[in-house]
Structures are given as C-alpha cells and as structure tokens.
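Residue numbers (our numbering), protein chains in the order written: chain A, 385 to 689; chain B, 385 to 689.
Number of protein chains: 2
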Amino acid sequence: MLPDLKIQPLRYVLAIVDHGGFHAAARQLHRSQPAVSMAVRELEARLGEALFEKGAQASLTPFGKYCVPRFRELILQHDRLSRDLLAQVERQAGHLDMAAVPSVASRLMPSLLSEFVERYPGIRVALHDGNADFVREQVLGGEVDIGLSSLWQPDEALTFTPLLRDKVGVVCRDDHPFADRASLHWRELAGETLIGNGTSRLLEGTEAEALLASPTFFISNMISLTASLVAGLGITTLPRLAFAEEYERLRFVPLECPVVERQVGLVRLAGRSLSPAAAAMAAFVVERLGESSGQGLGGHAPISQ
Amino acid sequence: MLPDLKIQPLRYVLAIVDHGGFHAAARQLHRSQPAVSMAVRELEARLGEALFEKGAQASLTPFGKYCVPRFRELILQHDRLSRDLLAQVERQAGHLDMAAVPSVASRLMPSLLSEFVERYPGIRVALHDGNADFVREQVLGGEVDIGLSSLWQPDEALTFTPLLRDKVGVVCRDDHPFADRASLHWRELAGETLIGNGTSRLLEGTEAEALLASPTFFISNMISLTASLVAGLGITTLPRLAFAEEYERLRFVPLECPVVERQVGLVRLAGRSLSPAAAAMAAFVVERLGESSGQGLGGHAPISQ
DNA sequence: GCAAGCGGTAAGTATTCCTTATCATATGCT
DNA sequence: AGCATATGATAAGGAATACTTACCGCTTGC
Numbered sequence: 385m386l387p388d389l390k391i392q393p394l395r396y397v398l399a400i401v402d403h404g405g406f407h408a409a410a411r412q413l414h415r416s417q418p419a420v421s422m423a424v425r426e427l428e429a430r431l432g433e434a435l436f437e438k439g440a441q442a443s444l445t446p447f448g449k450y451c452v453p454r455f456r457e458l459i460l461q462h463d464r465l466s467r468d469l470l471a472q473v474e475r476q477a478g479h480l481d482m483a484a485v486p487s488v489a490s491r492l493m494p495s496l497l498s499e500f501v502e503r504y505p506g507i508r509v510a511l512h513d514g515n516a517d518f519v520r521e522q523v524l525g526g527e528v529d530i531g532l533s534s535l536w537q538p539d540e541a542l543t544f545t546p547l548l549r550d551k552v553g554v555v556c557r558d559d560h561p562f563a564d565r566a567s568l569h570w571r572e573l574a575g576e577t578l579i580g581n582g583t584s585r586l587l588e589g590t591e592a593e594a595l596l597a598s599p600t601f602f603i604s605n606m607i608s609l610t611a612s613l614v615a616g617l618g619i620t621t622l623p624r625l626a627f628a629e630e631y632e633r634l635r636f637v638p639l640e641c642p643v644v645e646r647q648v649g650l651v652r653l654a655g656r657s658l659s660p661a662a663a664a665m666a667a668f669v670v671e672r673l674g675e676s677s678g679q680g681l682g683g684h685a686p687i688s689q
Numbered sequence: 385m386l387p388d389l390k391i392q393p394l395r396y397v398l399a400i401v402d403h404g405g406f407h408a409a410a411r412q413l414h415r416s417q418p419a420v421s422m423a424v425r426e427l428e429a430r431l432g433e434a435l436f437e438k439g440a441q442a443s444l445t446p447f448g449k450y451c452v453p454r455f456r457e458l459i460l461q462h463d464r465l466s467r468d469l470l471a472q473v474e475r476q477a478g479h480l481d482m483a484a485v486p487s488v489a490s491r492l493m494p495s496l497l498s499e500f501v502e503r504y505p506g507i508r509v510a511l512h513d514g515n516a517d518f519v520r521e522q523v524l525g526g527e528v529d530i531g532l533s534s535l536w537q538p539d540e541a542l543t544f545t546p547l548l549r550d551k552v553g554v555v556c557r558d559d560h561p562f563a564d565r566a567s568l569h570w571r572e573l574a575g576e577t578l579i580g581n582g583t584s585r586l587l588e589g590t591e592a593e594a595l596l597a598s599p600t601f602f603i604s605n606m607i608s609l610t611a612s613l614v615a616g617l618g619i620t621t622l623p624r625l626a627f628a629e630e631y632e633r634l635r636f637v638p639l640e641c642p643v644v645e646r647q648v649g650l651v652r653l654a655g656r657s658l659s660p661a662a663a664a665m666a667a668f669v670v671e672r673l674g675e676s677s678g679q680g681l682g683g684h685a686p687i688s689q
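Rendered as structure tokens:
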C-alpha cells in the first residue's frame, strides 16, 4: 500500500535542489550523474508524480516543492537518530545505573568515577549503594546494569567477575590492647565484647566461626558501628576496605589466623549483554581494579585472572 | 561517517519485537525467516552493536531496548510522510489557488466548486477574482496555480486552453428602445450614450471599433456599472456571461454585426507542471466546461477541440 | 556556429536482497 | 527418556537494485 521511501534518493533530491543540478549533486555525492538521474526517476515512479520539471535545467515541480521540506525533515530525523545511536555505540553518550556495597562506593568509586567521566565525558552514571543483598537484588531485577559487591553464594542468574581480595581484620579503639598489634589470632578475641555487623558472616565456615555465637550487639549501620567503636563499646571485625580510615581513634589489625577474605567483584546478569555505556564501565572497572590497584589502599589485592 | 539506516530492517526489528520472534515476524512480513535474520544481522553490523541476545529466544539487548522506540518513531514519521505524499498524488488531499474573472467566478464557479469538493473532498480551493489582467499576473507570478480568463494576447510564458465562447451584446434598461430587440447592428448604437467598461476592448479590431472613441463614461466596477445602467445613464456592451441576469430591469441584446466574442479558457504557466490538486481542478474544469456546458447559461458555447 | 554545459539513455557489472535447503539447539509432549 | 517440533543461524544460488562507463540530444554562451 504505502511505498517505502529509501533515504538515499531523498538525499539525492535535496542535493540536486541545494546544488542546483544533477551534475553538481552527483559530484558532491560521489556518484555518477546517471546514478542520480535514475534514482530520482525511480523515486518519481514510486510516488507517481514528477519532482523535477522534465527537459530544462533542474527545477522543481509544484509537487517537488511540496516534497522537499518534508524530505528534509525526514532526513533530519534520520540523521539525528543515526548520530545518536552511533554516539551510544562509541560510548560518547549514554547512561548507566550501577550499585555497589558501601565500602566500594565510598572508598573506590570516587576516584574511579572521576577518571571515568574524564575518559567518557558523555556518559552519565548513577551510583546506588547498599549492602550485598541490595546489590544482588538490584542487578537481578534489572534496576542497575552492573553491581560491585561480594557474592555470598553463586547464583545461576548472575555472572561474578572477581576483582580484588579484601582481608578481614579486627577494628578497635587506639587505647585497646590490640591497637598496636601487627596481627591477631582468632582465639585472642574470645574474651572481648564483639560487635556484630553485616560483614560478620564472612567468618562463617572458618575456624573463627565460634566467635559469631557470642556477640552482645549487632549493628548493621556503619556510622552507628564506628561511633560505638569510638565510644569504646567493644571491637568488631571488618574487611579492610570497609574500615573507615578517617576515624583517628580506630585501629585496624589484620586477622592472621584464620585469614578470612571476601572477594569483591563485578556482578551482572548472566547471559544478558550490557548497554554500551555499562559495558564501558564494566571494562573500565575491571581494568582499574583487576590488575594493579592498591594505590595506598593496602589490605586488598587484585586478583590475577 | 554516519551510516544510512534503511527503513526495511527497522521494520523487521519492530516486527520481531511485536510478534516475539523471527519466524512470526517473517510470516507477517511475507518474507522468509533467513531474510529477516540476515537483515537484522546486517543492521547490527552497521550499528556495531547487537540488538538481540544471541542464542536464545529472540530477546532484546539493552541497546536493542534503547533502539526500538527510536526506530518506531522514525518509521512513524516515515509512514506519515509516505501516506501524506500518496494522498496528495491521489488527490485525496492538497490545496490549490486559482484566479478567475468576475463573470466566471460568480456565474460558473459556484456550481463547479460544489461539484469539485464533492468529487475531491480532501482538496481545499482558494478562489481569487479580478479582471483579466489580474488573473494573468497572478498566474505569471505563481500566486495562483491556474486562472480562468480570456487572453487578450498570446503570451510565451502562458498556456491558454480555450473552454467556451462568450458573445458580446448590448445591455440596456427595459424601457430602452433596444430592450425588446432580438439583435443589433453596431451602427444602431451610434447615437447612444455608451458606457465603457473593462470588456470594451473586445471591440478593438472589429468593425465596431469606432464606438470606442465616443464613450462619455468609463466604469470598470461591475456593481457601479449595473447601477448606472439601472439608473438609465446609458447603455454598454458586455459578454453574455458578464451580464448580471439578476437585475430585473436590464436587458441583454446580442450584437449580430459584427459578432464579437471572447474566448474564456484555462490559463497556466507554460512548461510548468501543476500540483496534483491543481491538475485535478484543471482537468475538472476542462471536463465540465470544455465539452457540454450551457445548462441554461445560453450565449456562450463550449469550444470543441 | 562551435564548445561546454545540461539531463537522459543504454548496456554491463557489482552489490544487495531474498529465496530454498539444511543445521544445531532448545522446548514440549507423551 | 525420547521423539516431535519449535527456535534462530548458515550456505549457496538467483533475482532485483544500484551503480558504472559510454554516448546521445538539447540548450546556452561566446
């Protein structure tokens, strides 16, 4: 019923109009003049009406005059779309949503993000932070494109790319007997007031699991937890990355026996591709965290694939 | 630089999305399934990014999800344009401007126009009236698509299609000695008070030319002219079609010697095509006036080509 | 009156598009 | 299980399109 207009012949028509002739248009289009002639004739046949007066110097028919601005409009739309899609693919535009656990979000992402926007100025990033369960759910539900977290258990629907190891240690106030120790054995914690937190389950399945039975307190909120530690309420265990170094009175002492560590990595939906922008971020994160990270944030190490 | 998206593959993508699969889409598009597959792959290659997840049941990648509404938008624009142009060509839409001399505009156009809009309900017509010079100028200047008028002299830039002959006669009041005459000879007018008007120059070059020397008055406006005639100011000559029959006290008496007639016809720019709507009107006018007109408007006759 | 411009035509070739036939894999049904 | 029937991908051949070069006829300008 309605004929499919091809973009090219429309472009030809506009070129003829703009350059005032078939020859000039052909030259500018890097085509031979007959190619232009024939394409226009084909288009006219398809429309059932002439666009150019026959015979003389190329001049538009009234119908042609009617068509030209409409052709121009359609081509404008087309080019806008084409340009837009190309920008997306080439990572010059786009946006992505990502989720990260608080430690990663606050300790690693700030510098990563600033480098990222420098490298991909057109891409907009939304960073959501929450605990590992939150990250998992956000990725599973498609609310975010990628997540940065540790995986408690493998999930069929998720792909996990390990990026760095993060060793658990004991956090205490600077006046605590542990404060100046270089390392600790789990049995030494036996008599202490141990405050549980969201990362405590890292100890599950290790020799130190017994400690989990004793905690008097469980504080999930990191601000409350650090405040409690500063107040001398007790001590806790945390992965190094989750230890807020800006609290002057708190000390981090590595747990050497057993060595407990979480793997922080990239979480994404299995079998689903990423948007170009998300792929850029994923590759960027892997590149920056997967090989030589550290940069003063000792205690966690990249994972060599 | 920016790739030309073809309309067809975009349609394929939408069909796949809407029908939930390559096979179903192919069926609905009257294409084979490989044709759809390959076209989509070609498009993906051109864009440099996959639109559908590979492997499983057809499902969009995030990039595909980004593209689909944009494809849909472009195709909507395209189809709107295609439909619009088709409607123009098929005379279901469009508009035209025409000019006509007052006699034609007031005596012939009303019924013609009502028939025209019945036959071409989508076409809008603007009718401008003015004397023959006005019509000529409007056509020459492109302000109107076609004109209905008589041509005083041939014009290289204009094409004139004669449609009907319109005989000149004498118009006088019902109490004038000529009022009941069946016809008149020009010499009988010698002693009369002759009011000149815009059509008087029709007498130029005929035996009756001498009359043009005498007129005491010249009144170009038709309303003023008829009012003057009703007032008994004098008599005048007019083509039959220009004689306003609705004035009860005026009479039209054919001039039999010499027989003077104007040719009323279609005026258009030579060598220029008409818009579809204008072409429809031109053909319609020729069809209705060129062969068997009359319909009680005696005194002018169609011109058999 | 000739040269140089225009657009149109013809014939051949390259490319694009679409077909049929076939495959590998995944889903559904006893 | 296991066969039947979906799915989408692939290969090879053919039809349609788009483009090329070569040439024609016409107008325009010196």
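Cβ coordinates follow ideal geometry from the N, Cα and C atoms, glycine included.
Practice problem: Check whether the Cβ of A:K390 lies closer than 8 Å to any Cβ atom in chain B. | Solution: Interface residue, yes.
Self-check item: B:L460 burial status per 10 Å Cβ neighbour count (16 or more: buried)
Solution: Label assigned to B:L460: exposed.
Self-check item: Contact set between the stretch 633-661 of chain B and chain A, restricted to residues whose Cβ is under 8 Å from the partner
Solution: Here the close residues are G655, R656, S657, L658, S659 and P660.
Quiz prompt | Contact set between B:L472 and chain A, taken where Cβ atoms lie within less than 8 Å | solution = The question names Leu, yet the displayed sequence has Gln at residue 472 of chain B. Neighbours of B:Q472 in chain A, taken as residues at a C-beta separation under 8 Å, are given in chain order as E433, F447 and Y450.
Exercise. Return the chain-ordered list of same chain residues with a C-beta closer than 7 Å to the C-beta of A:R508, the five sequence neighbours on each side being excluded.
Key: H479.
Quiz item: Could one say the Cβ of A:Y396 lies closer than 8 Å to chain B's Cβ atoms, at least one of them?
Solution: Not one chain B Cβ lies under 8 Å of A:Y396.
Practice problem: Report the option in B:A628, B:G649, B:R624 and B:V651 whose CA atom is closest to the CA atom of B:P638. | Solution: For B:P638, the closest C-alpha among the options B:A628, B:G649, B:R624 and B:V651 is that of B:R624.
Exercise. Could you spell out the range, first to last residue, of the alpha helix (DSSP H) harbouring B:P642?
Key: B:P642 -> no alpha helix (DSSP H), and no H or E assigned at all.
Quiz item: Is the CB of A:E629 under 8 Å away from at least one CB in chain B?
Solution: Judged by the 8 Å Cβ criterion, A:E629 is not in contact with chain B.
Self-check item: Rounded straight-line distance, which links the Cα of A:P387 to that of B:R672
Solution: If you draw a straight line from the Cα of B:R672 to the Cα of A:P387, it is about 33 Å long.
Self-check item: Rounded separation between B:G683 and B:V552 - CA only
Solution: Residue placement at B:G683 is flagged as unreliable, the pLDDT there being 45, under the threshold of 50; the coordinate-derived value follows with that caveat. Each residue's alpha carbon lies about 9 Å from the other.
Quiz item: A:I400 lies in the alpha helix (DSSP H); which residues open and close that run?
Solution: Where A:I400 is concerned, the enclosing alpha helix (DSSP H) stretches over I391 to H403.
Exercise. Give me the Cα-Cα distance between B:G514 and B:S490, rounded to the nearest whole angstrom.
Key: Taking the straight line from one Cα to the other gives about 11 Å.
Quiz prompt | Per-residue DSSP class, three states only, for A:P505 | solution = A:P505 falls in the coil class under three-state DSSP.
Quiz item: Who are the near neighbours of B:T445 in its chain, counting only those whose CB is closer than 8 Å to its CB and skipping five residues on each side?
Solution: In its chain, beyond the 5 residues on either side, E433, A434, L435, F436 and E437 have a beta carbon closer than 8 Å to the beta carbon of B:T445.
Quiz item: CB B:D481 to CB B:D517, shorter than 8 Å?
Solution: Going by C-beta atoms, B:D481 is not nearer than 8 Å to B:D517.
Self-check item: Other residues of its chain near A:I607: CB distance less than 7 Å, five sequence neighbours each side excluded
Solution: The beta carbon of A:I607 is closer than 7 Å to none in its chain, skipping five residues each way along the sequence.
Quiz item: Taking only beta-carbon atoms, is A:E576 less than 8 Å away from chain B?
Solution: No, its Cβ sits nowhere closer than 8 Å to a Cβ of chain B.
Self-check item: C-beta contact flag for A:H462 and B:L458 at 8 Å
Solution: In this structure, the beta-carbon distance from A:H462 to B:L458 falls below 8 Å.
Practice problem: Express the C-alpha separation of A:P486 and A:L634 in angstroms, rounding to a whole number. | Solution: When only Cα atoms are considered, A:L634 and A:P486 end up about 19 Å apart.
Quiz item: Could you give the distance in angstroms between the alpha-carbon of A:H403 and the alpha-carbon of A:A409?
Solution: Their backbone Cα atoms lie some 6 Å apart in a straight line.
Quiz item: For A:R454 and chain B, any beta-carbon pair shorter than 8 Å?
Solution: A:R454 counts as touching chain B.
Quiz item: When the cut-off is 8 Å and only beta carbons count, does A:P393 lie next to chain B?
Solution: Not closer than 8 Å to any Cβ of chain B, the Cβ of A:P393 fails to qualify, so no.
Quiz item: Going straight from the alpha carbon of B:D564 to that of B:V644, what length do you get?
Solution: Each residue's CA atom was taken as its position, placing B:D564 and B:V644 some 20 Å apart.
Exercise. Measure from the C-beta of A:H403 to each C-beta in chain B and report whether the shortest distance is under 8 Å.
Key: So, not an interface residue.
Practice problem: Establish whether the CB of A:L542 and some CB of chain B are separated by less than 8 Å. | Solution: For A:L542, the answer is no, since every Cβ of chain B falls outside 8 Å of its Cβ.
Quiz item: Does DSSP classify A:D388 as helix, strand or coil?
Solution: DSSP, reduced to helix, strand and coil, places A:D388 outside both helices and strands of the structure shown, so it counts as coil.
Quiz prompt | Residue environment, A:D550, which counts as buried when at least 16 other CB atoms sit within 10 Å | solution = Burial of A:D550 is indicated by the presence of at least 16 other C-beta atoms within 10 angstroms of its C-beta.
Self-check item: 8 Å Cβ cutoff, A:G682 in contact with chain B
Solution: Unreliable placement is indicated for A:G682, whose pLDDT of 46 sits below 50; no coordinate value is reported for it.
Quiz item: Does A:H462 have its Cβ less than 8 Å from a Cβ in chain B?
Solution: Yes, A:H462 counts as interfacial toward chain B.
Quiz prompt | Residue range of the alpha helix (DSSP H) that includes B:V488 | solution = P486 to R491 is the extent of the alpha helix (DSSP H) around B:V488.
Exercise. Give the C-beta separation of B:I619 and B:S612 to the nearest angstrom, bearing in mind that I take them to be a contact with Cβ-Cβ under 8 Å.
Key: Actually they are not in contact, since the Cβ atoms of B:I619 and B:S612 sit about 10 Å apart, beyond 8 Å.
Quiz item: In the DSSP assignment, what residue or residues form a beta bridge with B:I579?
Solution: In the DSSP output, where bridge partners are listed per residue, B:I579 has B:F601.
Practice problem: Could you name the residues of chain B that A:R467 contacts, counting a contact when the two beta carbons are closer than 8 Å? | Solution: The contacting residues are L386.
Quiz prompt | Closest residue to A:Q392 among A:G655, A:L568 and A:A419 (Cα-Cα distance) | solution = Out of A:G655, A:L568 and A:A419, the CA that lies nearest to the CA of A:Q392 is found in A:A419.
Quiz item: What residues from the stretch 584-612 of chain B come within 9 Å of chain A, judged by C-beta to C-beta, listed N to C?
Solution: Hits within the stretch: zero.
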